[in-house]
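Going by the UniProt record's numbering, the first residue of the sequence shown is number 1, and it counts up by one from there. Accompanying notes for the structure given below.
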Amino acid sequence: MENMHSAMDSLVHGSNTLFLLLGAILVLAMHAGFAFLEVGTVRHKNQVNALSKILSDFAVSALVYFFVGYWIAYGVSFLQPAAQLASDHGYGLVKCFFLITFAAAIPAIISGGIAERARFAPQLCATALIVALVYPFFEGIVWNGNLGIQAWLQARFGAPFHDFAGSVVVHAMGGWLALAAVLLLGARRGRYRDGRLVAFAPSSIPFLALGSWILIIGWFGFNVMSAQSLQGISGLVAINSLMAMVGGTLAALWAGRNDPGFLHNGPLAGLVAICAGSDLMHPLGALATGLVAGVLFVWCFTAAQNRWKIDDVLGVWPLHGLCGVWGGIACGIFGQASLGGLGGVSLVSQLLGSLAGVLVALLGGFAVYGLIKAVHGLRLSHEEEFQGADLSLHRIGATSQD
1 MENMHSAMDS
11 LVHGSNTLFL
21 LLGAILVLAM
31 HAGFAFLEVG
41 TVRHKNQVNA
51 LSKILSDFAV
61 SALVYFFVGY
71 WIAYGVSFLQ
81 PAAQLASDHG
91 YGLVKCFFLI
101 TFAAAIPAII
111 SGGIAERARF
121 APQLCATALI
131 VALVYPFFEG
141 IVWNGNLGIQ
151 AWLQARFGAP
161 FHDFAGSVVV
171 HAMGGWLALA
181 AVLLLGARRG
191 RYRDGRLVAF
201 APSSIPFLAL
211 GSWILIIGWF
221 GFNVMSAQSL
231 QGISGLVAIN
241 SLMAMVGGTL
251 AALWAGRNDP
261 GFLHNGPLAG
271 LVAICAGSDL
281 MHPLGALATG
291 LVAGVLFVWC
301 FTAAQNRWKI
311 DDVLGVWPLH
321 GLCGVWGGIA
331 CGIFGQASLG
341 GLGGVSLVSQ
351 LLGSLAGVLV
361 ALLGGFAVYG
371 LIKAVHGLRL
381 SHEEEFQGAD
391 LSLHRIGATS
401 QD
C-alpha cells in the first residue's frame, strides 16, 4: 500500500509539473507575440529595437524575479541544494518559471507604449526595478495574501479581491506603469503639429497580425493553466476566454470601422478583460465582457491619441491598463450567481482591488521612471530619434537592400 501511495503521489506531482510546464511554454511563446505586435506597429527604422527590447527585457526579468521578485511575492528562495529544489519533480521550480513569464509580460507591455524614443539601457534598468520590486509587491498582496489585505476584504465585504489570471495583477499593472513612462517621455517628435495628430503608419500589418495571433494562442495557456494543477483545470476558463476574445474582435471591428490595427488588438482587449473572472463567469457574461473591452479599447485609444495627446504607440494603456481594470470590475459583475456566474465574489472588493492596482502601478511607475530620468535620462537625442533606434542603438537595420 505504501508503494502504491508513493506511486500515486509521484504520478500526481509529475502530471502537475508537466501541466504547468506546458503553460509556462505557452506564455513564454506570447513574448514572441509582444515582439511582432510591436515590430508591425512601429515604423521600419525601429523594428530591430522592438525585437531587441523584448528579448533583453525577458532575460533581465527572469534573473531579477528568480532571485528577488519571487521571494518578495511568495517568501520562497531558491538558494538551496539542488536535491531540495528537485523535490516533487521540481514543481516549485516550474511554478516559478510559469510566474516568471507573467512577470516578464510587464516590461513587454511597457515596451509598446514607449517605443521609438526610449533609450535602451535605462529601460533595462527600469525593467529590473519594476520586476524585482514593484510588480511582486502587488502580486504578493493579491495572490499570496501578503499584508493581510485580502483577509480584510474577506472579512469586510464577504470575499477577497479575485483575479484568476491577472487582468489587474499583470495587465492593468503593466498598462498603468506604461502610462507613467509615456507621460515622462513625451510624444514622439513630429507626432503633433500645430496641435493636430500626424499619422505614423504601421510598418507591417502582416507582422502586427502575426503578433496578435501568437498572443491569442498563448493566452489559453495564460488563462487555463493559471489553475496550476490538473485537478484545478476547467473547461469554463477555456470557453470564457474564447467568448471574450470573439467579443473583443467583433466589437473592435465595428467600433474601429474595419481598421486592421483595431481589429487585431480587439481580441487582445477581450482576453485582457476576461483574465480576472474567467473561472467564474457564464460564457454569456464573458462575451459581454469582451464586447465592452473591444469598444473601450478603440474609443480610449482614439481619445488618448487625438484629444489627450498621449503618444502611446501601441495603445498599451487603453488595451492593458483600462481593459485590465474593466476585467477586474467585470469579474465582480458577471461573476455573481444572479447573473449566471459561480458566485463567491464581491463587487466592492473588485473595485477596491482594481483601484489599488492602478495606485501601485502609477506610484511605482513615476518613482522608477522619474528617478531614471533624473539620473540618467530616458529619451533618445533628437538626431538619434530622427535616424531611428535601429541604426542609432543597434547599428543595423531590419532589412538589407543588398
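Just so it is clear, CB atoms sit at the ideal spot from N, CA and C, and this is done for glycine as well. As the structure is a prediction and not an experimental result, all values here were calculated from the model.
Rounded straight-line distance, which links the Cα of residue j to that of residue i
{"i": "Leu362", "j": "Asp311", "result": "17 Å"}
{"i": "His244", "j": "Leu215", "result": "Just to set this straight, residue 244 is Ala in the shown sequence, not His. For Ala244 and Leu215, the distance between alpha carbons rounds to 14 Å."}
{"i": "Val295", "j": "His320", "result": "13 Å"}
{"i": "Lys375", "j": "Tyr369", "result": "With the sequence shown as reference, residue 375 is identified as Val, and Lys is not the correct amino acid for it. Their backbone Cα atoms lie some 10 Å apart in a straight line."}
{"i": "Pro318", "j": "Ile149", "result": "27 Å"}
{"i": "Arg117", "j": "Ser229", "result": "42 Å"}
{"i": "His264", "j": "Ala252", "result": "8 Å"}
{"i": "Gly353", "j": "Phe161", "result": "6 Å"}
{"i": "Gly166", "j": "Asp390", "result": "33 Å"}
{"i": "Gln401", "j": "Ser52", "result": "21 Å"}
{"i": "Ile72", "j": "Asp57", "result": "20 Å"}
{"i": "Ala286", "j": "Ile329", "result": "12 Å"}
{"i": "residue 403", "j": "Gly232", "result": "The structure shown does not extend to residue 403, since the chain spans only 1 to 402, so no value can be given for it."}
{"i": "Leu11", "j": "His89", "result": "10 Å"}
Close-in-space but distant-in-sequence residues of the same chain around residue i (CB under 7 Å, 5 per side omitted)
{"i": "Gly218", "result": "Leu26, Val27, Ala29, Met30 and Gly33"}
Exposure of residue i, with buried meaning 16 or more beta-carbon neighbours within 10 Å
{"i": "Asn258", "result": "exposed"}
{"i": "Phe67", "result": "exposed"}
{"i": "Ser77", "result": "exposed"}
{"i": "Phe198", "result": "As written in the sequence, residue 198 is Val, which differs from the Phe given in the question. Burial call: exposed."}
{"i": "Pro107", "result": "buried"}
{"i": "Trp326", "result": "buried"}
{"i": "Ile396", "result": "exposed"}
{"i": "Gly92", "result": "buried"}
{"i": "Ala83", "result": "exposed"}
{"i": "Trp176", "result": "buried"}
{"i": "Pro206", "result": "exposed"}
{"i": "Lys45", "result": "buried"}
{"i": "Gln80", "result": "exposed"}
Cut-off 6 Å between Cβ atoms - residues of its own chain near residue i, not counting five sequence neighbours on either side
{"i": "Phe98", "result": "Leu20, Gly23 and Ala24"}
{"i": "His171", "result": "Val272, His320 and Gly324"}
{"i": "Val292", "result": "none"}
{"i": "Gly158", "result": "Ser346"}
{"i": "Val134", "result": "Gly364"}
Pair within 9 Å by beta-carbon distance, residue i and residue j
{"i": "Thr41", "j": "Gly261", "result": "yes"}
{"i": "Leu339", "j": "Ala115", "result": "no"}
{"i": "Glu38", "j": "Ser111", "result": "yes"}
{"i": "Val237", "j": "Ser278", "result": "yes"}
{"i": "Ser392", "j": "Leu380", "result": "yes"}
{"i": "Val246", "j": "Ser234", "result": "no"}
{"i": "Gly113", "j": "Val48", "result": "no"}
{"i": "Asn240", "j": "Ile274", "result": "yes"}
{"i": "Gly140", "j": "Ala103", "result": "no"}
Selected residue, minimal CA-CA separation from residue i, among the options
{"i": "Trp213", "options": "Gly266, Leu55 and Gly186", "result": "Gly266"}
{"i": "Pro122", "options": "Phe220, Leu355, Leu185 and Gln336", "result": "Leu185"}
{"i": "Ala128", "options": "Pro206, Ala303, Ser241 and Ala62", "result": "Ala62"}
{"i": "Phe366", "options": "Ala178, Ala83, Gly235 and Ser203", "result": "Ala178"}
{"i": "Val60", "options": "Leu347, Ile100, Pro136 and Ala187", "result": "Ile100"}
{"i": "Leu210", "options": "Ala35, Val12, Arg193 and Gly14", "result": "Ala35"}
{"i": "Arg189", "options": "Glu383, Ala398, Thr399 and His394", "result": "Glu383"}
{"i": "residue 403", "options": "Phe297, His282, Gly221 and Leu133", "result": "One cannot answer for residue 403 here, as it falls past the ends of the chain, which runs 1 to 402."}
{"i": "Arg191", "options": "Phe386, Thr399 and Ala398", "result": "Phe386"}
{"i": "Ile54", "options": "Ser15, Thr17, Ala105 and Asn16", "result": "Ala105"}
{"i": "Leu18", "options": "Leu85, Gly75, Lys95 and Leu79", "result": "Lys95"}
{"i": "Ala398", "options": "Gly270, Lys373, Val131 and Arg43", "result": "Arg43"}
{"i": "Lys373", "options": "Asn144, Cys125 and Arg156", "result": "Cys125"}
Own chain residues within Cβ distance below 8 Å of residue i, not counting five before or after
{"i": "Gly343", "result": "Leu280, Gly335, Gln336 and Ala337"}
{"i": "Leu85", "result": "Phe78, Gly92 and Leu93"}
Min CB distance residue i to chain C below 9 Å
{"i": "Gly266", "result": "Given the protein chain composition of this structure (a single chain), no chain C is represented."}
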